[in-house]
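**Q** Just so we're aligned: 205 in full-length UniProt numbering is position 205 of the sequence shown, and the numbers increase by one with no gaps anywhere.
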Amino acid sequence: MDTDRTAVQWGPSPAQPPAYSAHVDTAVPPTAPVGSPYPPAGPPYPPAGPPYPQAAPPYSQAAPPYPPAGPAPGAFGANVHPQGGSGYGTNTSSPYNPPAPGVVYYNPEDPPPPPFEENELFDFGLENKMIRRAFIRKVFLVLTVQLMVTFAFVAVFTFAEPVKGFVRVNFWTYIVSYIVFFVSLCVISCCGNVRRKQPWNFVALAVLTLSLSYMVGMIASYHETDSVIMAVGITAVVCFTVVLFSLQTKYDFTSCHGVLFVCLIVLFVFGLLCIIIQNHILHIVYAGLGALIFTCFLAVDTQRLLGNKELALSPEEYIFGALNLYLDIINIFLYILSILGSSRSG
């Protein structure tokens, strides 16, 4: 049994399966399975669509930084600004280029206008009719109040006998009122900030008006009642006529201010002479010249309100304008009263 068993064990072995290398195709790489090469390569990715929509321009087209250049300047310069309206006709015979229609030329190198304190000849906007009328109304309103106060003093000092007797005895009150008047007149005339700034301009003008009204009333108390009434009437007629004539006439009285200033100096010297030489006729002549000179001053100061003459006042100077007219009228009244008083006493 053992032999059989051994024969079975060591006898010739049954047929073996073929080796793996017998089936290997040498044309195929050893790493790929035989008979099954790589599948044919297909499209690796789906077909690409359009990449991206076309981008818009990042910024809009910018406007030109400067306006297009205008035409070259003509013979009148480059600083021109067109204005509305029609210009003048073209003169072909002129050697210069005429201005374009409605063109205003100016020179930017011209100095600015001087302030009012340095040049009273400058027009401060009074070409505007509304400003001019408002300024004139304000001046005459202030003047009316001043004259009402002054002639109220004159009436009291003329018709009230106790007041007339008091002022004749206490002459020192006239001296005090004259000092107050002179100081207030210097303040208003020399201090421009005071006469333009409210309420100090009205305060200074009120002090001046009251002091001068007391002086005028005291002077009137030394004259007869009918002489005072006649002087008031004549003054009213003369001043009203001169003011209307000055507002309507085309003649420029302000151009005569230099001559009137010289006449005022002569009148002052003449007054000193009349104090030394006590002559009745000389006093009447002096009073007549004074009334005439201040009548001319009234015409000049009235035209200074208009703004279209050689001398003009600023619209802010309504206090100064009213003061000038007020002093002119009061001086005319005093000189006329002096003429009437001298003629009656003679």
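In this text, a Cβ means the ideal position worked out from N, Cα and C, and glycines have one as well.
1. Taking a contact to mean a Cβ-Cβ separation below 9 Å, would you say S211 touches S177 in this structure?
2. Does DSSP put T249 in a helix, in a strand, or in coil?
3. Please work out which residues of its chain come closer than 6 Å, Cβ to Cβ, to L298, disregarding the five sequence neighbours upstream and downstream, and give them in chain order.
4. CA-CA distance, I175 and A204?
5. Is the beta carbon of I188 closer than 9 Å to that of N170?
6. Less than 8 Å between the CB atoms is what I'm expecting for I284 and L264, so what's the real figure, rounded?
7. Would you give the residue range spanned by the alpha helix (DSSP H) that H223 belongs to?
8. Kindly indicate which residue of A287, M215, K138, I229 has the alpha-carbon position closest to the one of L325.
9. Per the contact definition of three or more C-beta pairs closer than 8 Å, is the segment 243-253 in contact with the segment 215-234?
10. Taking buried to mean at least 16 other C-beta atoms within 10 Å of its own C-beta, is residue 347 buried or exposed?
11. What does the alpha-carbon distance come out to for the pair F182 and N128?
12. In the DSSP assignment, the alpha helix (DSSP H) including F270 goes from what residue to what residue?
13. Taking the C-alpha atoms as reference points, what is the distance between V145 and A155?
14. Can you tell me whether C186 is buried or exposed? The criterion is at least 16 other CB atoms within 10 Å of its CB, across all chains shown.
15. Comparing C-alpha positions only, which one of L340, G341, E317 sits nearest to I131?
16. Rounded to whole angstroms, how far is the Cβ of S213 from the Cβ of T150, which I believe are closer than 8 Å?
17. Look up D2 in the DSSP assignment and say whether it is helix, strand or coil.
18. Among the candidates S184, L306, F320, T158, whose CA atom is the shortest distance from the CA of V142?
**A** Working from what's here:
1. What you label residue 211 is simply residue 211 of the sequence shown in a count that begins at 1. What you label residue 177 is simply residue 177 of the sequence shown in a count that begins at 1. In this structure, S177 lies closer than 9 Å to S211 by Cβ.
2. Translated into positions along the sequence shown, residue 249 becomes position 249. Correct three-state label for T249: coil.
3. Position 298 of the sequence shown, counting from 1, holds the residue named residue 298. Within the same chain, L298 has close Cβ partners V242, D328.
4. Position 175 of the sequence shown, counting from 1, holds the residue named residue 175. Position 204 of the sequence shown, counting from 1, holds the residue named residue 204. A direct Cα-to-Cα measurement between I175 and A204 gives close to 19 Å.
5. Counting from 1 along the sequence shown, the entry for residue 170 is found at position 170. Counting from 1 along the sequence shown, the entry for residue 188 is found at position 188. No.
6. Mapped onto the sequence shown, residue 284 falls at position 284. Mapped onto the sequence shown, residue 264 falls at position 264. For I284 against L264, the beta-carbon gap comes to about 19 Å, at or over 8 Å, which does not count as contact.
7. Taking the first residue of the sequence shown as 1, we reach residue 223 at position 223. Premise fails: H223 is in no alpha helix (DSSP H) and is neither H nor E.
8. Numbered from 1 along the sequence shown, position 325 holds the residue referred to as residue 325. If we check each option's Cα against that of L325, K138 comes out closest.
9. In short, these stretches do not touch, since the Cβ pair count stays below three.
10. Residue 347 lies beyond the range of the chain shown here (1 to 346); nothing can be said about it.
11. Locating residue 182 in the sequence shown gives position 182, counting from the first residue. Locating residue 128 in the sequence shown gives position 128, counting from the first residue. Looking at the two C-alpha atoms, the distance is approximately 35 Å.
12. In the sequence shown, the residue the question calls residue 270 occupies position 270. Segment 257-276, the alpha helix (DSSP H) holding F270.
13. The residue you call residue 145 lines up with position 145 of the sequence shown. The residue you call residue 155 lines up with position 155 of the sequence shown. Each residue's Cα considered, the two are about 15 Å apart.
14. As a working note, residue 186 is residue 186 in the sequence shown. By the Cβ-count criterion, C186 is exposed, with fewer than 16 other Cβ atoms from all chains shown falling within 10 Å of its own Cβ.
15. Mapped onto the sequence shown, residue 131 falls at position 131. Among L340, G341, E317, the Cα nearest to that of I131 is on E317.
16. For the purposes of this step, residue 213 is taken as residue 213 along the sequence shown, with counting starting at 1. For the purposes of this step, residue 150 is taken as residue 150 along the sequence shown, with counting starting at 1. Sure, about 4 Å apart at Cβ, within 8 Å.
17. Position 2 of the sequence shown, counting from 1, holds the residue named residue 2. In this predicted model, D2 has a pLDDT of only 46, less than 50, meaning its place in the structure is not dependable; the value taken from the coordinates is given anyway. Helix.
18. Position 142 of the sequence shown, counting from 1, holds the residue named residue 142. Of S184, L306, F320, T158, the residue nearest in Cα terms is F320.
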